[in-house]
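Participant: Position one of the sequence shown corresponds to residue 1 (full-length UniProt numbering), numbered consecutively onward.
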Amino acid sequence: MERKKMAEKDGGGGGGGGWIPAMDLFRSEAMHLVQLIVPIESAHLTLSYLGDIGLIQFKDLNADKSPFQRTYASQIKRCGEMARKLRFFNEQMSKAGITRSSKSVSRADIHLDDLEAKLGELEAELIEVNANNEKLQHGHSELTEFKLVLQKAGEFFKDAQISAAARQRDISVDQPVESLATPLLKDDEPIHDLSKQVRLGFLTGLVPKEKAMSFERIIFRATRGNVLLRQATLEEAVVDPTSGQKVQKNIFVVFFSGERVKSKIIKISEAFGVNRYPFAEDMGKQAQTINEVSGRLSELKMTIEAGLQHRVTLLQKVGERYEQWNQLVRKEKSIYHILNMLSIDVTRKCLVAEGWSPKYATKQIQSALKQAATDSNSQVGTIFRVLHTRKLPPTYFRTNKFTESFQAIVDAYGVAKYQEANPGVFTVVTFPFLFAVMFGDWGMKLGDIMEMAFGGRYVILLMSLFSIYTGFIYNEFFSVQFELFGPSAYACRDASCSDATTAGLVKVRDTYPFGVDPAWHGSRSELPFLNSLKMKMSILLGVAQMNLGIILSFFNALYFRNYLNVWFQFIPQMIFLNGLFGYLSLLIIAKWYTGSKADLYHIMIYMFLSPTEDLGENQLFENQKTVQLVLLLLSLIAVPWMLLPKPYILKARHKMRHQDESYELLDDNDDSLHGEADPDSDDQGFEFSEVFVHQLIHTIEFVLGAVSNTASYLRLWALSLAHSELSVVFYEKVLLLAWGYNNVIILIIGIIVFIFATAGVLLVMETLSAFLHALRLHWVEFQNKFYGGDGYKFSPFSFALLGNEDESS
Numbered sequence: 001m002e003r004k005k006m007a008e009k010d011g012g013g014g015g016g017g018g019w020i021p022a023m024d025l026f027r028s029e030a031m032h033l034v035q036l037i038v039p040i041e042s043a044h045l046t047l048s049y050l051g052d053i054g055l056i057q058f059k060d061l062n063a064d065k066s067p068f069q070r071t072y073a074s075q076i077k078r079c080g081e082m083a084r085k086l087r088f089f090n091e092q093m094s095k096a097g098i099t100r101s102s103k104s105v106s107r108a109d110i111h112l113d114d115l116e117a118k119l120g121e122l123e124a125e126l127i128e129v130n131a132n133n134e135k136l137q138h139g140h141s142e143l144t145e146f147k148l149v150l151q152k153a154g155e156f157f158k159d160a161q162i163s164a165a166a167r168q169r170d171i172s173v174d175q176p177v178e179s180l181a182t183p184l185l186k187d188d189e190p191i192h193d194l195s196k197q198v199r200l201g202f203l204t205g206l207v208p209k210e211k212a213m214s215f216e217r218i219i220f221r222a223t224r225g226n227v228l229l230r231q232a233t234l235e236e237a238v239v240d241p242t243s244g245q246k247v248q249k250n251i252f253v254v255f256f257s258g259e260r261v262k263s264k265i266i267k268i269s270e271a272f273g274v275n276r277y278p279f280a281e282d283m284g285k286q287a288q289t290i291n292e293v294s295g296r297l298s299e300l301k302m303t304i305e306a307g308l309q310h311r312v313t314l315l316q317k318v319g320e321r322y323e324q325w326n327q328l329v330r331k332e333k334s335i336y337h338i339l340n341m342l343s344i345d346v347t348r349k350c351l352v353a354e355g356w357s358p359k360y361a362t363k364q365i366q367s368a369l370k371q372a373a374t375d376s377n378s379q380v381g382t383i384f385r386v387l388h389t390r391k392l393p394p395t396y397f398r399t400n401k402f403t404e405s406f407q408a409i410v411d412a413y414g415v416a417k418y419q420e421a422n423p424g425v426f427t428v429v430t431f432p433f434l435f436a437v438m439f440g441d442w443g444m445k446l447g448d449i450m451e452m453a454f455g456g457r458y459v460i461l462l463m464s465l466f467s468i469y470t471g472f473i474y475n476e477f478f479s480v481q482f483e484l485f486g487p488s489a490y491a492c493r494d495a496s497c498s499d500a501t502t503a504g505l506v507k508v509r510d511t512y513p514f515g516v517d518p519a520w521h522g523s524r525s526e527l528p529f530l531n532s533l534k535m536k537m538s539i540l541l542g543v544a545q546m547n548l549g550i551i552l553s554f555f556n557a558l559y560f561r562n563y564l565n566v567w568f569q570f571i572p573q574m575i576f577l578n579g580l581f582g583y584l585s586l587l588i589i590a591k592w593y594t595g596s597k598a599d600l601y602h603i604m605i606y607m608f609l610s611p612t613e614d615l616g617e618n619q620l621f622e623n624q625k626t627v628q629l630v631l632l633l634l635s636l637i638a639v640p641w642m643l644l645p646k647p648y649i650l651k652a653r654h655k656m657r658h659q660d661e662s663y664e665l666l667d668d669n670d671d672s673l674h675g676e677a678d679p680d681s682d683d684q685g686f687e688f689s690e691v692f693v694h695q696l697i698h699t700i701e702f703v704l705g706a707v708s709n710t711a712s713y714l715r716l717w718a719l720s721l722a723h724s725e726l727s728v729v730f731y732e733k734v735l736l737l738a739w740g741y742n743n744v745i746i747l748i749i750g751i752i753v754f755i756f757a758t759a760g761v762l763l764v765m766e767t768l769s770a771f772l773h774a775l776r777l778h779w780v781e782f783q784n785k786f787y788g789g790d791g792y793k794f795s796p797f798s799f800a801l802l803g804n805e806d807e808s809s
């Protein structure tokens, strides 16, 4: 229990429950490669304890061996067979409608060998019960059909007997007596030669209703019409003895003459899946047979009910311990799987394991190893030591229930390289906020979407809260404006002032305290005003987030001591981006602050086309033209600054290293633990052309991306405007239009259409669209400035990560 508490406190291998400092998320946990030398007698218990804490990712030291050549292959096969039996029990419980026990699962109090024997006994017993029940059900279905045949076929013959008696009274005395079956043939063909009467044979049974017409047609053709077939449809479906499914059937009686015809009818019946049953013409025998069948049905019913009750009792017994047994089997299989990854030292009778673990977990792991040695009565404890290596460790971020969903958004793009800056820290805020800028409606209902995506409930919660916040800024509630923060700053000059126009409106008080003034709603200037506001705001947010990405690339370069990237990537990138689009952002703020009517499009275009031209009325501050010339010159210089120095410096370093006799070559298989792989190192080979082309591509990508990425952020403006206009359409063209008809029925229809349109389009389609666009802005526009995403995730051996689903063997 102590180990489990410690694992939960530290986060184990997955999401923990406590709050994690932001700086712990910014860089992945420090990792080291450890080696364990475990005595064979305590190996199983040691791995069991390590699985409880879940803080070591084991390496496969037997990668050259196939699964069947490994030491513990037979144990894994045993666990797989037990897992198969448990899946069989689970299927049987599902069919019987028996739920598994929901009690908390504790450590199993049964040994694996005992569980194997127990499962074998239970499976054999359940298979026998199922077989007996199936046999009894088959017999019950046959007897049920037999009883129905006796009843319905008896009615056929009873009607024939009544018809024959009536005909005999109308026939002259000198005519011979007809057989019982003859009247059934009277309707179809006359008997011309009464002296050659033949006693007719007959067959009875049941045929599926959908095959009845085909069955009758085939028999008629095969016998050239020399038969008589009568059918009656059963009112209720019956359980077919063969399939065990309820089927709608017809009872039939077919009369024939001759053994040859009988043989044909039997073959056709078998082809159509017909169940045939014997029938006696004698009425007394019929009644006796029905009574016997009814008695046997009652006995079978009682026997079946007793068998089903025994089966339910057996499955309930399994259900009470199913979760415990299933967890034990899954744990044992995972333990033997790890044991197969360890190398065996036969001389010292021990197993050697290697794996990655967080540095902070060293004491916890050593404590678990000591406890395992004590509990297994091992005379020698496990040896724990740290191995020095230059290989790149896995990436491990400790997350909790709140942060794990945001980290999953980042990991979907790519797992951070070891110690690389983690975008997840900023995604917690920026992702829901950018979503909210596009959605921007404080009428968003939290519960509707949370029910669909419980796993991302905290992401959706923040998306909702930020949407409410931006909805207050836009002053939109499904296109309806409210004076939540006091009355409007504008009022009508006279009584003729219309709500649909700004004509006649005068400013009577200070600026509206928060968000857009409600007076803009419905005015002729609403769309141009909001259009300009949201477009400029999108540019400001985009430039700010891209600057954040470049700044994070600086921290990456500083941490990995890659100073070339600081001087020849970070600095020129900051100059280029802010010399153009940072300057545009400052112009936007200056225009808002001064209230100027300067044309920013004209300023930015002629900054390139005619930088020396006088700005005139577009000038926002003194010496603006000089500032623009300096910024333009710096932006132009930044391009060759990014392109040329770095490849030539790397080339010079490569030559100096080869000239220095004391330079020690790195091992061919090692990568640098603290930085990028050096392109001029001997283990990779230095090709100046490749380095130069790579830098050229990176430079072109950044220069073009600075323009395209800034334009990409305009999707914030476009989607926000689309959401607002759709809200207006649904409100004015559906709800208000229906209200104007003064008709209750039309009003009800309008309200229903408005609700479904709002829920389907605004709360589902618009939400999904805004989510995907926010995802793209983070993956492409933000993360490509600093995030490599070429690492691999820390996947520790942990029982908590086994999951609750039944694994396939």
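Even glycine gets a Cβ: it sits at the ideal position worked out from N, Cα and C.
#1: Can you round the beta-carbon distance between L631 and Y593 to whole angstroms, since I take them to be within the 8 Å contact cut?
#2: Compare the C-alpha of E320 against each of L527, L737, F89, F384 and name the closest.
#3: Would you mind working out which of H32, V239, L234, S243 sits nearest I251, comparing C-alpha positions?
#4: What are the start and end residues of the alpha helix (DSSP H) that includes Q481?
#5: So, with DSSP's three-state summary, where would you put F252?
#6: From which residue to which residue does the beta strand (DSSP E) around A353 run?
#7: For H521, which of helix, strand or coil comes out of DSSP?
#8: On the three-state DSSP scale, how would you describe T758?
#9: Answer yes or no: do N562 and R27 have a C-beta to C-beta separation smaller than 8 Å?
#10: Consult DSSP for N547 and reduce its assignment to one of helix, strand or coil.
#11: If you follow the beta strand (DSSP E) that residue 829 is in, where does it begin and where does it stop?
#12: Beta-carbon within less than 8 Å of I751's beta-carbon, same chain only, minus the 5 sequence neighbours each way: which residues are those?
#13: Measure the Cβ-Cβ separation of F157 and L200 and say whether it is below 8 Å.
#14: Leaving aside the five residues before and after I40 along the sequence, list all residues of the same chain whose C-beta is less than 7 Å from its C-beta, in chain order.
#15: So the alpha helix (DSSP H) P572 belongs to, where does it begin and stop?
#16: Name the DSSP beta bridge partners of D345, please?
#17: Going along the chain, which residues of its own chain have a beta-carbon closer than 7 Å to the beta-carbon of S720, five neighbours each way excluded?
#18: Rounded to a whole number of angstroms, what is the C-alpha to C-alpha distance between N275 and L148?
#19: Do you know whose CA, among V386, F686, H337, lies nearest L357's CA?
#20: Just verifying my parser: in three-state terms, what is the DSSP assignment at R276?
#21: If you compare alpha carbons, which of S769, Y606, I268 is closest to L434?
#22: Considering I53, what are the terminal residues of the alpha helix (DSSP H) in which it resides?
#23: Does the distance from the CB of I575 to the CB of A638 come in under 8 Å?
#24: How close, in whole Å, do the beta carbons of E781 and S712 come, if the pair is a contact with beta carbons under 8 Å?
#25: Counting along the chain, where does the beta strand (DSSP E) carrying Q231 start and finish?
#26: In whole angstroms, give me the CA-to-CA distance for F529 and H521.
#27: Starting from I383, trace the beta strand (DSSP E) both ways and give me its first and last residue.
#28: Could you tell me the alpha carbon to alpha carbon distance between M546 and N709, rounded to whole angstroms?
#29: Considering only residues of the same chain and omitting the five flanking positions on each side of L564, which have a CB-CB separation below 6 Å?
#30: Have a look at V239 and G205 and give me their C-alpha separation to the nearest angstrom.
#31: Who pairs with T204 in a beta bridge, going by DSSP?
#32: So for H773, helix, strand or coil by DSSP?
#33: By DSSP's criteria, H32 is part of a beta bridge. Which residues make up the other side?
#34: Consult DSSP for Q245 and reduce its assignment to one of helix, strand or coil.
#35: Grouping DSSP H, G and I as helix and E and B as strand, with all else coil, what is Q57?
#36: Would you mind sorting N578 into buried or exposed? The rule is 16 or more other CB atoms within 10 Å of its CB.
Facilitator: The short version:
#1: Under the criterion of beta carbons closer than 8 Å, L631 and Y593 do not qualify as touching, at roughly 20 Å.
#2: For the residues L527, L737, F89, F384, the minimum Cα distance to E320 belongs to F89.
#3: If we check each option's Cα against that of I251, L234 comes out closest.
#4: Annotation: Q481 is outside any alpha helix (DSSP H) and is labelled neither H nor E by DSSP.
#5: Per DSSP, reduced to three states, the secondary structure at F252 is strand.
#6: Note, A353: beta strand (DSSP E), 350 to 358.
#7: Looking at H521 - three-state DSSP - the assignment turns out to be coil, as it is neither helix nor strand.
#8: Looking at T758 - three-state DSSP - the assignment turns out to be helix.
#9: R27 is positioned such that its CB atom lies no closer than 8 Å to that of N562.
#10: Here N547 sits in helix by DSSP.
#11: Residue 829 lies beyond the range of the chain shown here (1 to 809); nothing can be said about it.
#12: So the list reads L735, A738, once near-sequence residues are dropped.
#13: No.
#14: For I40, where only same-chain residues beyond five positions count, the Cβ hits under 7 Å are K349, C350, L351.
#15: 571 to 577 is the span of the alpha helix (DSSP H), which, as asked, contains P572.
#16: Its beta-bridge partners are C350.
#17: Excluding sequence neighbours, S720 sits near V437, M438, G440, K534.
#18: If I take the Cα positions, the gap works out to 12 Å.
#19: First, the amino acid is wrong: residue 357 is Ser here, not Leu. If we check each option's Cα against that of S357, V386 comes out closest.
#20: Here R276 sits in strand by DSSP.
#21: Here the closest residue by C-alpha is S769.
#22: Note, I53: alpha helix (DSSP H), 40 to 53.
#23: It is a contact, given that the beta carbons lie within the stated cut-off.
#24: Going by Cβ atoms, the distance from E781 to S712 rounds to 5 Å, so yes, they are a contact pair.
#25: 228 to 233 is the span of the beta strand (DSSP E), which, as asked, contains Q231.
#26: Approximately 10 Å between the Cα atoms of the pair.
#27: Where I383 is concerned, the enclosing beta strand (DSSP E) stretches over 383 to 387.
#28: Taking the CA atoms as reference points, M546 sits about 8 Å from N709.
#29: Here the set comprises K646.
#30: Distance between the alpha carbons of V239 and G205: 14 Å.
#31: According to DSSP, T204 bridges with V253, Y277.
#32: Of the three classes helix, strand and coil, the one that applies to H773 here is helix, per DSSP.
#33: Answer is S357, bridged to H32.
#34: Reduced to three states, the DSSP call for Q245 is coil.
#35: Strand, per DSSP.
#36: Around the beta carbon of N578, a 10 Å sphere encloses 16 or more other beta carbons of the protein chains shown; the residue is thus reported as buried.
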